């Protein structure tokens, strides 16, 4: 039984910023998301997950 989950965040929006653990993600790039990572989206309003 394998409970491993893989999550990839792809950034394609040119307006606003996406940060993972406080580091900006460039447009047209992707990053692996791990348990406990903080995601921050600056548009349409500020959200952190």
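In the UniProt record's numbering, the protein residues as written are 1 to 49. Each residue gets a CB set at the ideal place from its N, CA and C atoms; glycine is no exception. The structure displayed is predicted, hence computed values, not measured ones.
Buried or exposed for residue 18, going by 16 or more other Cβ atoms inside 10 Å? Walking along the chain shown from the start, residue 18 turns up at place 18. Here residue 18 is buried. Its C-beta has 16 or more other C-beta atoms within 10 Å.
Three-state secondary structure (DSSP) at residue 27? As a first step, residue 27 is located in the chain shown; it is residue number 27 there, counting from the start. If DSSP states are grouped into helix, strand and coil, residue 27 belongs with coil.
Among the candidates 5, 3 and 10, whose CA atom is the shortest distance from the CA of residue 30? Sequence index remark: in the chain shown, residue 30 carries index 30 (1-based). Distance from the Cα of residue 30 is smallest, within the candidate group 5, 3 and 10, for 10.
Could you tell me how far apart the beta carbons of residue 27 and residue 12 are, in whole angstroms, since I believe they sit closer than 8 Å? As a working note, residue 27 is residue 27 in the chain shown. As a working note, residue 12 is residue 12 in the chain shown. Contact holds; Cβ gap of about 7 Å.
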